[in-house]
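Q:
Residue numbers (the UniProt record's numbering), protein chains in the order written: chain A, 1 to 291; chain B, 1 to 403.
#1: Would you mind working out which of B:226, B:127, B:124, B:183 sits nearest residue 195 of chain B, comparing C-alpha positions?
#2: Compute the Euclidean distance between the alpha carbons of residue 77 of chain B and residue 319 of chain B, then round it to the nearest angstrom.
#3: Between residue 160 of chain A and residue 190 of chain A, what straight-line distance do the alpha-carbon atoms span, to the nearest angstrom?
#4: Count Cβ pairs between the stretch 293-305 of chain B and the stretch 377-386 of chain B that sit closer than 8 Å; are there 3 or more?
#5: Within 9 Å (strictly less), CB to CB, does residue 227 of chain B reach chain A?
#6: Would you please state the rounded distance, in angstroms, between the beta carbons of residue 118 of chain B and residue 341 of chain B? I believe it to be under 8 Å.
#7: Taking Cβ-Cβ distances shorter than 8 Å, what residues in chain A pair up with residue 205 of chain B?
#8: Tell me the rounded alpha-carbon separation between residue 275 of chain B and residue 291 of chain B.
#9: Excluding the 5 residues flanking residue 236 of chain B on each side, which residues of the same chain have their C-beta closer than 8 Å to its C-beta?
#10: Candidates A:61, A:156, A:105: which alpha carbon is nearest residue 123 of chain A's?
#11: Have a look at the DSSP bridge pairing and note the partners of residue 222 of chain B.
#12: Could you check how far apart the C-beta atoms of residue 163 of chain A and residue 187 of chain A are, in whole angstroms? I think they sit under 8 Å.
#13: So what does residue 399 of chain B bridge to, in DSSP terms?
#14: 9 Å is my cut-off, CB to CB: does residue 289 of chain B come that close to chain A?
#15: Could you tell me if residue 275 of chain A is buried or exposed, where buried requires 16 or more neighbouring beta carbons within 10 angstroms of its beta carbon?
#16: Can you give me the C-alpha to C-alpha distance between residue 62 of chain B and residue 132 of chain B, rounded to a whole angstrom?
#17: Cβ atoms of residue 367 of chain B and residue 310 of chain B: under 9 Å apart, would you say?
#18: Hey, out of A:52, A:147, A:150, whose CA is closest to residue 120 of chain A's CA?
#19: With a threshold of 9 Å between beta-carbons, can residue 278 of chain A be considered close to chain B, or not?
#20: Please report the straight-line C-alpha distance between residue 273 of chain B and residue 401 of chain B, rounded to a whole angstrom.
#21: Does the beta carbon of residue 167 of chain B sit closer than 9 Å to a beta carbon anywhere in chain A?
#22: Could you check if residue 125 of chain A is buried or exposed, using at least 16 other CB atoms within 10 Å of its CB as the buried criterion?
#23: Looking at C-beta atoms only, is the number of pairs between the stretch 47-61 of chain B and the stretch 323-332 of chain B that lie closer than 8 Å three or more?
#24: Taking a contact to mean a Cβ-Cβ separation below 9 Å, would you say residue 254 of chain B touches residue 284 of chain B in this structure?
#25: Less than 9 Å between CB atoms is the rule here; does residue 62 of chain A satisfy it with respect to chain B?
#26: Kindly list, in the order they appear in chain A, the residues whose Cβ is closer than 8 Å to that of residue 197 of chain B.
#27: Cα separation between residue 236 of chain A and residue 165 of chain A?
#28: Beta carbon of residue 207 of chain A, beta carbon of residue 46 of chain A: below 9 Å?
#29: Can you tell which of B:173, B:94, B:221, B:229 has its C-alpha closest to the C-alpha of residue 204 of chain B?
#30: Pick from B:346, B:403, B:53, B:264: whose alpha carbon is nearest that of residue 135 of chain B?
#31: Which residues of chain B have a Cβ atom closer than 9 Å to the Cβ of residue 2 of chain A, listed in chain order?
#32: Residue 124 of chain B and residue 143 of chain B - do their beta-carbons sit closer together than 9 Å?
#33: Run through the DSSP bridge pairs and tell me what residue 86 of chain A is partnered with.
#34: Determine the direct distance from the alpha carbon of residue 200 of chain A to that of residue 29 of chain A, and round the result to whole angstroms.
#35: Quick one: what's residue 2 of chain A bridged to in DSSP?
#36: Residue 325 of chain A by DSSP, collapsed to three states: which one?
So this is what it looks like as structure tokens:
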């Protein structure tokens, strides 16, 4: 069945958007900053995974873990170096800094290794099986389950751990949280670490699934993930997941209907419609708790 | 694609070496001037001067130097065999630095100071176009060995530039070849097209492919498009698959095509896939994978693995001169351009620009390395193209297809 197949394509794409969108939404939730460098952390993750697999011969899971750890550290460094001293500056100053950081990362990578694309080696089994007439590869099942488990782990961290509680408290009210004895700086760093680790994981998954990676690969997925985060309601974790999935499926459907050249436009039309009719997003309610 | 860094490094090495060579050549020229005097110039002397206006440094230096290497081999062979009508060929090589303005001034220099019989080059269409006006004005035929754009010989209003020629086939021609290959060689009727809609090259190929397929009695069951830099083609491939094509034509560049081929095979599309010379890159195998590339084809100017005797003779001669490097399409086109010019000068019986121009335009069934060719009224060569096939990640010669 063509439609089942298209749904599978859409969900696979959507889970990658969702993983990136989570980082956007968590950072926005806690310091109200749209971290435009997030798409480039995703790119860094893809390259770390590539070098780990093709250079050191690591398997998929060790490479995934390595990329997540390195990206977490990288994310914290970006926050400490670029954003921390702007915490009390105007929001536009921080936003412009984020764009600057994004360009700095992209072109540093081009400076050090060149702009040529790289092809991800095959690390996962290429077998496929039939499900309701759709060709489903073992690869996409693996990718989907990795993405879903990462999201479940994230929910656990946010709702069941001390650092998660601190994150929720800081996002509610920074000053009150500080008065309650919460170390705000560490909490913000932890948020960046977790968000960047997810982006790093998304980078490796993207590489395995779509093969080609290059230093500017983070730009479009980054912007799409931002749309997904706004669609779900920026600052709300389940919103980012749902937004990512919806966006992936919508893009697949647009292509399936034969409007493949309109696929990117569809994402941005959604953004415009959401901003006009429901600026707080699908899940956005003022009473909802934010992280 | 060559990275910017590598390109820069390459260009700087090239620039440095060309400076040194230039300095050495300068010394040599001084010596020559004192002894040779004015007798070496002019059209009535015992040498035939052929200009080369090529990209020897700058962004596309690899194209220009490839053409030069092929042309120099041909000149050496002809001179060894006694030259053209007993006259030796003397090449005058000028580096246009991959720049259109430099190409124009190089053409002026070749036409007015060096008074060459004809000019070979440039390698790219843009730099060749830059010299066309000079050529027409000075009645100096120019031949772009690898200038594939139609605009080199035909102006926008449809008029032909009398003194401009090319050795390679034009871009849309490849679509025609691919269509003939699908309908006549593979005998498939229901085809699909999946083209890069952001490049004129791919759109040109797709258009002529469609026209030829329909003229041959085939049917285009689906037409889809993508944009350069896309990475996710799965949805469109799923849609294409449901239309059940027996053959899919994918004109475009290797960066996207590599991914399309891989994702097509993953989606269970196992029909033959085909494209143009944009597929010709080692990256293609890395991106698509060896297995996915089986049963895929692309058109190109020539193949060094073609068993044809003429080609093998050229390949071994070239390897002997160039450290065992197999000649690529640029080398072959540069080589052919010199032989074509030789043929035209012999038929014209003179080195007069007008006579050579008429002889070039009247070329018919001339056997060359990149195919036996004739020239049509728009100065486009009508020649055979080579179809290559990927087998376990290697490009293998498949067949030659006539237009």
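Every residue gets a Cβ at the ideal spot worked out from N, C-alpha and C, and that includes glycine.
A: Well, looking at it:
#1: B:226
#2: Residue 77 of chain B and residue 319 of chain B: Cα-Cα distance of roughly 14 Å.
#3: 15 Å
#4: They touch, by the three-pair rule.
#5: yes
#6: 6 Å
#7: Within 8 Å Cβ-Cβ: nothing; residue 205 of chain B doesn't reach chain A, min ~18 Å.
#8: 17 Å
#9: Here the set comprises 194, 224, 226.
#10: Between residue 123 of chain A and the set A:61, A:156, A:105, the nearest pair of CA atoms involves A:61.
#11: B:192
#12: 7 Å
#13: Paired residue(s): B:387.
#14: yes
#15: So residue 275 of chain A ends up on the exposed side.
#16: 22 Å
#17: yes
#18: A:52
#19: no
#20: Those two C-alpha atoms are separated by around 17 Å.
#21: no
#22: exposed
#23: The stretch 47-61 of chain B vs the stretch 323-332 of chain B: no contact.
#24: Yes; because the gap between Cβ atoms is below 9 Å, this pair is in contact.
#25: no
#26: 261
#27: 15 Å
#28: yes
#29: Cα-wise, what sits closest to residue 204 of chain B is B:173.
#30: B:53
#31: 238, 239, 241, 242
#32: no
#33: Looking at the DSSP output, residue 86 of chain A bridges to nothing.
#34: 20 Å
#35: The partner list for residue 2 of chain A (beta bridge, DSSP) is empty, contrary to what the question assumes.
#36: The question about residue 325 of chain A has no answer, for chain A in this structure spans 1 to 291.
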